[in-house]
Amino acid sequence: MSQAPSLDGKLILIANVNIVPDHYNDWQAAYDKLASHVFPNEPNTITYYFGLPLEYADNPCRTPYMFAFEIYSSRTDLYDVHLKSKIMIETFLPAALPVMTTGLDLRHFEVVGGFLDRSGQRKECGIMQETQIGCVDTTARAEVIGALKMLCRAAGEEEDVFTFLGLRGQDDEISLALSVKSKMVKVRNPVLLAAAFTACAAAQQLSEPLAYANITSVLDTILARGYINVGTTGDYKPFTYLVTNQTTLPNTTAINTTYIGADIDAAQSLSNALGLPNPPRLVKTIWANITSDLVAGKFDIAMGGVSLTLARARTVFFSTAIQRVGKTACIRCADASKYTDLASLDQPGVKVAVNPGGTNEAFDRANLKSAEIVLVEDNNAVYQAVLDGTADAMISDLIEVELQVKLHEGELCIANPDAPFNFEELGYAVSRDIVWKQFVDTWVHVQLGSGAWNTTLDKWLNYKWPSV
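Residue 1648 in my numbering sits at position 352 of the sequence shown; the count goes up by one each step and never skips.
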């Protein structure tokens, strides 16, 4: 095999950008301004490229995410030049951040192989819809395309393989993104894929070839195991609630009776979609540890009103959002005229209750400079603090506050219900495994499109929950 053009020593960046539906055009406009600046002013940016998922090719404004593929001469060129450029800080970020949800899942790699640009056909690649790769010059383009073709040579005879991308991370992790012509076809030839990685390694003159053993997806593990491990906190109605001996169970056909809620039902739906013979196994976690427990492999997916945040997205993948929310304040109805917005809450003498370790506490500490933040360890009891006067308010996701207001009609109210304090979405967190994430995304898409999710959520919003 001939020597591939070298990308040795360069920084390969793969990023997933999650975008607010119907706002992709706003993001594109901001990106176009940034891209026009890059090559003339940043000579060490080798390629600056992104693509859309195929299913949104005919309606790109609806896309919930896009895929970025960038190569820099070094980390310094990314972090000290590109990300600190004036146009990035003053033009792109102010325009793009409001239309992004979880932002970037950003990973650094030193080896990339596969194929993204065989003949310039727009739908040549199954990972994204746009397949043209723009580079700083023709030499850089030959370098990038040459490296991307290495795996394609080894797998070109496999009938159903459409395109794939092999990666070795700078921390020696290995991953594979694979797309096939038919959604019904499964990968049947792991030996071929192993050979492809070996060929890529040899061509790049690596110290050791990429190993096939690390390619197995979480999805494959779940299917072989026969059940899914679901991490949940059990303290966020209407999504997840840990049943106690004093709790009256609802009339439900749910298999699991240890936890109840919309996302507990959703966990069973996901299990059914996977065709698993056994019900989900629910694993107790807490908000402060939800991502670290997921990364540690204590469960396959985190469910139960999980907020999509940039901080969490540094270490885990998020599914397509299942529910749009936003932070708002739950107050006593008697104080409705007193507390109408965030500024009126952030005053000396005002006490705001919060459960520790999650996005509620993070929001409070970032936005409340004068009010006193009162920690309540049990999230199930935090609204009781508002009811009994221990605290003046509790800031949480709009849907949770709406439920508490419904349960305590005339006692608890929402401060300005038509204007949440921020934009926020809920979804499901999974490990950084693109195959598993794509299955979960597909399942979420079906849940939303079929109306199944709304039916499930309505069921639990209208349930007469015990206690607060």
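Glycine included, C-beta positions come from ideal geometry on N, C-alpha and C.
The model shown is predicted, which means the values in this text are computed figures rather than measured ones.
Taking all protein chains shown into account, decide if residue i is buried (16 or more other Cβ within 10 angstroms of its Cβ) or exposed.
i       : result
Ile1308 : buried
Gly1571 : exposed
Pro1534 : buried
Leu1578 : buried
Thr1624 : buried
Ala1687 : buried
Ala1689 : buried
Tyr1368 : buried
Val1742 : exposed
Lys1306 : buried
Ser1615 : buried
Ser1513 : buried
Ala1558 : buried
Leu1641 : buried
Pro1360 : buried
Glu1705 : exposed
Pro1573 : exposed
Arg1728 : buried
Lys1373 : Reading off the sequence, residue 1373 comes out as Asp, not Lys. Buried: at least 16 other Cβ atoms inside 10 Å.
Asp1596 : buried
Which residue's Cα is closest to the Cα of residue i: the options?
i       : options                               : result
Thr1554 : Leu1389, Asp1531, Leu1757 and Met1690 : Asp1531
Tyr1320 : Phe1595, Thr1372, Ala1392 and Asp1373 : Ala1392
Tyr1327 : Asn1314, Lys1380 and Phe1388          : Phe1388
Asp1516 : Asn1750, Gly1745, Trp1756 and Trp1732 : Trp1732
Ser1746 : Ser1381, Ile1618 and Leu1604          : Ile1618
Thr1780 : Gly1653, Ala1520, Ile1556 and Val1316 : This structure cannot speak to residue 1780, because the chain is shown only from 1297 to 1764.
Pro1575 : Thr1581, Ala1630, Ser1565 and Ile1582 : Ser1565
Phe1717 : Asp1754, Gly1706, Val1514 and Leu1638 : Leu1638
Asp1376 : Cys1357, Arg1358 and Thr1341          : Thr1341
Val1701 : Asp1631, Trp1749, Ile1627 and Phe1735 : Ile1627
Cys1357 : Val1682, Thr1372, Val1316 and Val1334 : Val1316
Ala1607 : Ala1681, Gly1654, Asp1596 and Ala1632 : Gly1654
Leu1722 : Asp1714, Gln1643, Ala1598 and Gly1522 : Ala1598
Pro1394 : Val1678, Leu1708, Tyr1523 and Asp1322 : Asp1322
Asn1676 : Phe1735, Val1650, Ala1658 and Glu1707 : Val1650
Cys1629 : Trp1749, Val1539, Trp1583 and Asn1712 : Asn1712
Lys1329 : Gly1527, Gly1522, Glu1338 and Ile1383 : Ile1383
Between the C-alpha atoms of residue i and residue j, what's the straight-line distance to the nearest angstrom?
i       : j       : result
Ser1567 : Ile1730 : 18 Å
Ser1475 : Ser1370 : Confidence in Ser1475 is poor, its pLDDT being 37 and thus under 50, which makes the residue's placement too unreliable to answer from.
Thr1343 : Ile1691 : 43 Å
Glu1673 : Asp1660 : 15 Å
Ile1385 : Ala1662 : 21 Å
Val1612 : Thr1529 : 17 Å
Glu1318 : Asp1684 : According to the sequence as given, residue 1318 is Asp; it is not Glu. Rounded to the nearest angstrom, the two C-alpha atoms are 42 Å apart.
Asn1525 : Ser1381 : 43 Å
Glu1720 : Asp1561 : 22 Å
Pro1645 : Ile1518 : It is Gly, not Pro, that sits at residue 1645 in the sequence shown. About 51 Å.
Gly1601 : Gly1622 : 12 Å
Leu1694 : Glu1366 : 37 Å
Asp1589 : Ala1609 : 14 Å
Asp1737 : Ser1603 : 16 Å
Ala1592 : Ile1586 : 10 Å
Ile1336 : Glu1668 : Per the sequence presented here, residue 1336 reads as Pro, with Ile not at that position. So the alpha carbons of these two residues sit roughly 50 Å apart.
Gly1569 : His1333 : The sequence given here places Ala at residue 1569; Gly does not occur at that position. Roughly 46 Å separates the two Cα atoms.
Trp1756 : Thr1536 : 10 Å
Tyr1508 : Asn1314 : Here Tyr1508 scores only 33 on pLDDT, less than 50, and its place in the model should not be relied on; the value that follows carries that caveat. Cα-Cα distance, rounded: 29 Å.
Asn1656 : Ser1633 : 23 Å
Asp1754 : Leu1664 : 33 Å
Leu1703 : Cys1709 : 11 Å
Val1670 : Lys1760 : 28 Å
Asp1631 : Glu1707 : 10 Å
Val1648 : Val1682 : 8 Å
Ala1715 : Thr1636 : 10 Å
Could you pull the start and end residues of the alpha helix (DSSP H) that residue i belongs to?
i       : result
Phe1514 : Rather than Phe, the amino acid found at residue 1514 in this sequence is Val. Val1514 -> alpha helix (DSSP H) spans Val1514 to Arg1521.
Leu1566 : Ala1558 to Leu1570
Leu1389 : Leu1389 to Ala1392
Thr1536 : Per DSSP, Thr1536 belongs to no alpha helix (DSSP H); it is in the beta strand (DSSP E), Thr1536 to Leu1538.
Trp1323 : Tyr1320 to Asn1337
Leu1590 : Ile1586 to Val1591
Ala1609 : Leu1606 to Ala1609
What span of residues does the beta strand (DSSP E) with residue i cover, start to end?
i       : result
Lys1623 : Lys1623 to Arg1628
Ile1524 : Looking at the DSSP string, Ile1524 is not in any beta strand (DSSP E), and its letter there is neither H nor E.
Ser1603 : Ile1597 to Ser1603
Lys1580 : Arg1577 to Lys1580
Any heavy atom of the ligand MN closer than 7 Å to the CB of residue i?
i       : result
Thr1528 : This structure lacks the ligand MN, and indeed carries no ligand of any kind.
Problem set entry | Continuous alpha helix (DSSP H) assignments of at least 4 residues falling wholly in the segment 1672-1725 | Runs found: 1678-1683 and 1694-1703.
Exercise. Along the chain, which unbroken stretches of the beta strand (DSSP E) at least 3 residues long are found entirely within the segment 1721-1754?
Worked result: Here the runs fully enclosed are 1721-1726.
Problem set entry | Segments of 4+ residues assigned as alpha helix (DSSP H) that fall wholly inside the segment 1633-1664 | Counting only runs of 4 or more, we get 1638-1641 and 1655-1663.
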